[in-house]
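One structure below.
Protein chains: 2
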Amino acid sequence: MALALDLLHTIDAGGRRAQLHLPHQTVETPVFMPVGTAGTVKAVPQDTLESLGAQIILGNTYHLYLRPGHEAIRRMGGLHKFISWPRAMLTDSGGFQVFSLSELRKVTDEGVKFRSHLDGSSHFFTPEHSMDVQIALGADIAMAFDECTEYPADRARAEESLRLTMAWARRSLDHFRAHQHEVPWAADFAGRSQSLFGIVQGGMYRDLRKQSAEQLMEMDFDGYAIGGLSVGEPRDLTLEMIAEVLPMLPKDKPRYVMGVGYPDEIEQYARMGVDMMDCVLPTRAARHGLLFTSEGRLTIKNKKFAEDQGPPDPNCDCMVCRRYTRAYLRHLMQAGEALSATLNTIHNLAYYLGIMQKVRASLEKPQQA
Amino acid sequence: MALALDLLHTIDAGGRRAQLHLPHQTVETPVFMPVGTAGTVKAVPQDTLESLGAQIILGNTYHLYLRPGHEAIRRMGGLHKFISWPRAMLTDSGGFQVFSLSELRKVTDEGVKFRSHLDGSSHFFTPEHSMDVQIALGADIAMAFDECTEYPADRARAEESLRLTMAWARRSLDHFRAHQHEVPWAADFAGRSQSLFGIVQGGMYRDLRKQSAEQLMEMDFDGYAIGGLSVGEPRDLTLEMIAEVLPMLPKDKPRYVMGVGYPDEIEQYARMGVDMMDCVLPTRAARHGLLFTSEGRLTIKNKKFAEDQGPPDPNCDCMVCRRYTRAYLRHLMQAGEALSATLNTIHNLAYYLGIMQKVRASLEKPQQA
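If you read the protein sequences in the order shown, they are chains A and B. The opening residue of the first sequence carries number 1 in the UniProt record's numbering; numbering runs sequentially from there. The opening residue of the second sequence carries number 1 in the UniProt record's numbering; numbering runs sequentially from there.
Rendered as structure tokens:
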């Protein structure tokens, strides 16, 4: 068995409170998934992530394939064991990073040839190879190999990109089904297996999105993601695409919007029926000194915080807000201290995870007339 | 009252198990003090330091004076409050950093003129100014302003340097006694005050060391440090100087050897009767991937650890050794991940603090014949 989704309650707007049963963790949804690119949510120890209530984190296939290498991770029992993370994990397909980070890409129907951003070495990724890598990593959820269509893309470009993504989805699924028993933890979780999600693309074209969703559903993935959003398009277009695609997707499978978003966005999308979201924003912004709070955004390096003895967020009870002042966080950043990234990230993740906790609670309540 | 030292047990070799009562903490000695240069033990959150059993940490006067500035820290209630550290603290005098980090120094009997290593701005440190800064920071223990004599130094140079240090010790003490009531937490700890330690210098000349110790004892400091060691001299010379000076110092006051050392050194010096030691070694080495373990030193970046699934130290039960493998720590370092410094530092500090815990336990036991 791959995953199982137990719907607990659904509101009229589409938002649903559910439990997503994965081999390593039953995830309470809607859920926000912190990004742990290279086998670490940058600057935060795993026990702290646990205390923060993170249920599922991401690993990036492209990064882990290049370093330390998926075969090494397979030999060490998979990514969970390698990084000592007992809860759920999801890996992306590597496609996004191949297209955004690597050099000298050459895309053919067969796959993508690229040079590593680390050492310039040459590599070739195909849907089959992405599956092999993701099976070796052994996350609870793997993603089909896709091309994230850029924005803006004209219709011809979006169509061609979608054609590639759909062909690759088919090949991803076939290879995954044939090899998913090779996951390194197969023996530890008898009867449980990885899940594979298909990714809806199609640029900002409604009919292409529809075509994409229908083709993927016909293939019958374990869950469905909406990709190619938050790539530079205006926010109302993001919202429109999500609103368009969500009702097309089956109700009994998880729905994942990739790479979003700001705090108010993740709340809004969760209420519309998105079950899973991930974004580098809370962690990356933290490292640049941008804190998300109940009172808005704080640029912690600002001189006005130099002697501000209030907590980062007076309405937050995270370990950072309980103990440290804005003045101290500003000082750490000014002084280029490593603790700056750690404390800022802990707060931002607490804020994001707290939002989703509140959304889950509100989705459990009977709706008001 | 400044500090009080309760001697619990003394062994023939001179080593003593004691309790050092300071305003913010009763410190079990012998003690190792992690260095928290700019108001943070680099890469480690304060709650982790507490879990590790750190009883007293250092702050560097030079760094904190330059950024965020001692007057700002005074206005915020002192360094303990600013960094949220409720246990004991010690600040150095700023002298060592003025001499080692700053540019264009000009030393006169009056003090030291220097340029900031941060922005080139011009500053003037005198013994009186060092006291004012340290009183504003409000550590439990402050240090007299001294010149750390370099190694090698010929006799004339060591004599002249000592003359300066002794004159500055007198002026430090006079100014400290006149102003110590201005410490920011005076009202919170009625009847308790900061302590000031004198620093024995004299290069590697026994008679100069003796002269230095005698002059300082005549001034009657709250405790005594041995400075100017671990500055490049051979290790048996360090040991000889410590062995020479320790018996000269009063038994009823704490003895602090500054800037030492390797794990076996801190154990050895503690057994000889040194009560307090500090060193950047465990924290700085950690950031460069050097781990101290019961089985020797590990250069964690070494390729041989790439798939080593053992803990950093099989005999260590710190939070890092309980959870993470050598392979993972190697990966974090290879990938330049921030978590590398955090985990490596936590282990090294656990190892250093663990050594001192064992030494304390052994000093409590009745000696064998």
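Virtual Cβ for every residue (Gly too), placed ideally from N, Cα, C. Fair warning: this is a prediction, and the values are worked out from it, not measured in the lab.
Beyond the five residues adjoining it in sequence on each side, residue 227(A) comes within less than 7 Å, by CB distance, of 146, 148, 199, 200, 201 and 258 in the same chain, given in chain order. For residue 21(B), the three-state secondary structure derived from DSSP is strand. The segment 50-67 of chain A makes contact with the segment 82-100 of chain A; the number of CB pairs closer than 8 Å reaches 3 or more.
The beta carbon of residue 48(B) sits closer than 7 Å to the beta carbons of 346 from its chain, once the five residues preceding and following it are set aside; these are given in chain order. Judged by their CB atoms, residue 127(B) and residue 175(B) are nearer to each other than the 8 Å cut-off. Distance check between residue 262(B) and each of 292(B), 272(B), 188(B) and 234(B) places 292(B) closest, using alpha-carbon atoms only. Excluding the 5 residues flanking it on each side, residue 213(B) has same chain C-beta neighbours closer than 8 Å at 200, 224, 245, 248 and 249, in chain order. The Cβ-Cβ distance between residue 131(B) and residue 70(B) does not fall below 8 Å. Using a Cβ distance threshold of 8 Å, residue 20(A) and residue 10(A) do not count as a contacting pair.
With 16 or more other Cβ atoms inside 10 Å of its own Cβ, residue 337(B) counts as buried. Assignment of beta-bridge partners to residue 84(A) by DSSP yields no partner. Put simply, the backbone Cα of residue 331(B) is about 18 Å away from that of residue 139(A).
Contact between the segment 23-42 of chain A and the segment 73-92 of chain A is present: 3 or more CB-CB pairs across the two stretches fall below 8 Å.
Close CB contacts of residue 327(A) within its chain, under the 7 Å cut and outside five residues either way in sequence, are with 305, 306, 307, 308 and 309 (chain order).
In this structure, the straight-line span from the alpha carbon of residue 344(B) to that of residue 68(A) is close to 19 Å. Looking at 295(A), 314(A) and 287(A), the one whose alpha-carbon comes closest to that of residue 301(A) is 287(A).
Contact of residue 47(B) with chain A by beta-carbon distance below 9 Å involves 319 and 323. Take residue 218(B), set aside five residues on each side of it, and no residue of its chain has a beta-carbon closer than 7 Å to its own. With fewer than 16 other CB atoms across the displayed protein chains lying within 10 angstroms of its CB, residue 243(A) is exposed.
Residue-level contact by beta carbon fails for residue 175(B) and chain A, as no gap is shorter than 8 Å.
In terms of Cβ geometry, residue 282(B) and residue 352(B) form a close pair [threshold 8 Å]. Contact annotation: residue 153(B) and residue 169(B) have beta-carbon atoms that are not nearer than 8 Å. The segment 106-139 of chain A is shown to contain whole beta strand (DSSP E) runs of 3 or more residues at 112-115 and 122-125, in chain order.
Look at the segment 161-243 of chain A and you find these whole runs of alpha helix (DSSP H), each 4 residues long or longer: 206-219.
Look at residue 93(A): its C-beta is not under 8 Å from any C-beta on chain B.
Inter-residue distance for residue 52(A) and residue 78(A) is about 24 Å (C-alpha atoms, whole angstroms).
In the three-state reduction of the DSSP assignment, residue 264(B) falls in the helix class, which pools H, G and I. Assigned with DSSP and collapsed to three states, residue 300(A) falls in coil, not helix or strand. Residue 107(A) is positioned such that its CB atom lies no closer than 8 Å to that of residue 125(A). The Cβ atoms of residue 280(B) and residue 35(B) sit closer than 8 Å to each other. Nearest Cα to residue 110(A) within the set 122(A), 167(A) and 88(A): 167(A). Judged by their CB atoms, residue 275(B) and residue 31(B) are nearer to each other than the 8 Å cut-off.
Assigned with DSSP and collapsed to three states, residue 288(B) falls in coil, not helix or strand. Every alpha helix (DSSP H) stretch that sits fully inside the segment 326-367 of chain B and reaches 4 residues is listed by chain position as 326-334 and 338-364. Of 96(A), 340(A), 7(A) and 6(A), the smallest CA-CA separation from residue 165(A) is found for 96(A).
Residues 149, 153 and 158 of the same chain have their beta carbon placed closer than 6 Å to that of residue 203(B), with the five preceding and five following residues left out of the count.
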